[in-house]
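**Student:** Below you will find the structure I want to go over with you.
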Amino acid sequence: MDRTEDPATGTLSRTLSAAPGAIAETMTRSMSGLLRVLLPPTCLACDRLVASDGSICAACWARMPFLSPPWCQRLGVPFAYELGPGALSPQAIAHPPVFDRLRSVAAYDGPARALVARLKYHDRPSLAPAMGGWMVRAGAELLAVSPDGAAPVLVPVPLHGMRRWNRRYNQAGLLARSVGDRSGLQVAAQALLRKRATKRQVGLDAAARARNVRGAFAVTEEGEMQLSGRRAVLVDDVYTTGATVQAAARALLRAGALSVDVLVFAHAGAETPLG
93 MDRTEDPATG
103 TLSRTLSAAP
113 GAIAETMTRS
123 MSGLLRVLLP
133 PTCLACDRLV
143 ASDGSICAAC
153 WARMPFLSPP
163 WCQRLGVPFA
173 YELGPGALSP
183 QAIAHPPVFD
193 RLRSVAAYDG
203 PARALVARLK
213 YHDRPSLAPA
223 MGGWMVRAGA
233 ELLAVSPDGA
243 APVLVPVPLH
253 GMRRWNRRYN
263 QAGLLARSVG
273 DRSGLQVAAQ
283 ALLRKRATKR
293 QVGLDAAARA
303 RNVRGAFAVT
313 EEGEMQLSGR
323 RAVLVDDVYT
333 TGATVQAAAR
343 ALLRAGALSV
353 DVLVFAHAGA
363 ETPLG
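With the numbering used here, the residue at position 254 of the sequence shown is 346, and numbering never jumps.
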């Protein structure tokens, strides 16, 4: 009898052919377990040990200044109590923004401030997926597809070329990519450019910030095609006085965007509910 027809031989052949895959799977599990022992998952904000990757510890979670309704319809700053639909904060009434709505995950304080600093200044691009996931939940109304089926396009606030070279990446771009991956929305990463270098906004007052970024942004030809007649959602890491996103929103509207909303991770000035 031909050996290839022998049931025992056939069984042996199948066992041997399946062995490499099983061995590889076992080795992968072993390596993964070894890495978890050598490099256990730590809190994204404070580096305490945690149970799973991409999470924060219980202490940081308790201190995270998450924002939630009721809030100002335009600026997303929280109210101490419900004021009815469409309620606006004094700031939004006195100085209406160029953009339509702003939504943020958290106030710029505590662990939220630490996360922004780590992403922005301490070479931690690995934080962007988790931060972007929170942004998707916080900005659900901005990211929703309209009744006519039109979806917004995500536009990260750009860095000037020299600053991006020094930092190696644009934190707003990483956050926009994470939001896009989770929401399924298009990311127009090259739609907006910062056409001149600007001073760092840290330490400048509101008027100086506005002067610093006035006319700093321009929409590319590719961006004009992507934005014409569409809703745009500007994505950035932190909102302070609003000077940067106001200047960027003006550029998008001039280029033909139907409207502009703003989605950020942290909002400075939103620490205390109004009321």
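Ideal Cβ placement from N, Cα and C applies to all residues, glycine included.
1. At a cut of 8 angstroms, does the stretch 350-364 reach the stretch 276-286 through at least three beta carbon pairs?
2. So who's on the other strand from residue 170, going by DSSP bridges?
3. Tell me which residues share the same chain as residue 330 and place their Cβ nearer than 7 angstroms to its Cβ, disregarding the 5 neighbours each side in the sequence.
4. Please report the straight-line C-alpha distance between residue 318 and residue 267, rounded to a whole angstrom.
5. Please state whether the Cβ-Cβ distance between residue 194 and residue 249 is less than 8 angstroms.
6. For the beta strand (DSSP E) that contains residue 248, what are its first and last residues?
7. In whole angstroms, what separates the C-alpha of residue 188 from that of residue 338?
8. In this structure, how does DSSP classify residue 139 when only helix, strand and coil are distinguished?
9. Counting only the same chain and skipping the five closest in sequence on each side, list residues whose C-beta sits under 8 angstroms from that of residue 348.
10. Rank 161, 131, 204 by C-alpha distance to the C-alpha of residue 151 and give the top, closest one.
11. With DSSP run on the structure shown, which of helix, strand or coil describes residue 134?
12. Apart from the five residues on each side of it in sequence, which residues of its chain come closer than 6 angstroms, Cβ to Cβ, to residue 93?
13. For residue 230 versus residue 237, is the C-beta distance shorter than 8 angstroms?
14. Cβ of residue 168 less than 8 angstroms from any chain C Cβ?
15. Could you tell me whether the stretch 304-315 touches the stretch 267-279, where touching means 3 or more Cβ pairs closer than 8 angstroms?
16. Examine the Cβ distances between the stretch 150-167 and the stretch 178-186 and report whether three or more of them are shorter than 8 angstroms.
17. Can you grab the Cα-Cα spacing for the pair residue 169 / residue 145, in whole Å?
18. Please classify residue 233 as buried or exposed, where buried requires at least 16 other C-beta atoms within 10 Å of its C-beta.
19. On the CB-based measure, 16 or more other CB atoms within 10 Å of its CB, does residue 185 come out buried or exposed?
20. At the level of alpha carbons, what is the spacing between residue 334 and residue 192?
**Tutor:** On the basis of the data shown:
1. No: fewer than three Cβ pairs fall under 8 angstroms.
2. Paired residues: 163.
3. Sequence-distant Cβ neighbours of residue 330 in its own chain, meaning closer than 7 angstroms and more than five residues away, are 200, 208, 356, 357, 358, 360.
4. Using only the alpha carbons, I get a separation of about 19 angstroms.
5. No; because the gap between Cβ atoms is not below 8 angstroms, this pair is not in contact.
6. Taken as a continuous stretch (DSSP letters only), the beta strand (DSSP E) holding residue 248 covers 245-248.
7. Their backbone Cα atoms lie some 11 angstroms apart in a straight line.
8. Of the three classes helix, strand and coil, the one that applies to residue 139 here is coil, per DSSP.
9. Contacts found: 316, 319, 320, 321.
10. The shortest C-alpha separation from residue 151 is found at 204.
11. For residue 134, the three-state secondary structure derived from DSSP is strand.
12. Interpretation of residue 93 is limited by its pLDDT of 43, a score under 50 that renders its predicted location unreliable; the figure taken from the coordinates is listed afterwards. In the same chain as residue 93, and ignoring 5 residues on each side of it, no C-beta atom comes closer than 6 angstroms to its own.
13. Result no, Cβ atoms of residue 230 and residue 237 do not sit closer than 8 angstroms.
14. Within the model displayed, chain C is absent; a lone protein chain is all it includes.
15. By the Cβ criterion, the stretch 304-315 is not in contact with the stretch 267-279, since fewer than three pairs of Cβ atoms, one from each stretch, lie closer than 8 angstroms.
16. The answer is yes - the stretch 178-186 touches the stretch 150-167, with three or more Cβ pairs under 8 angstroms.
17. Those two C-alpha atoms are separated by around 30 angstroms.
18. Burial call: exposed.
19. Answer is exposed; the Cβ neighbour count stays below 16.
20. Answer to the nearest angstrom: the Cα atoms are 13 angstroms apart.
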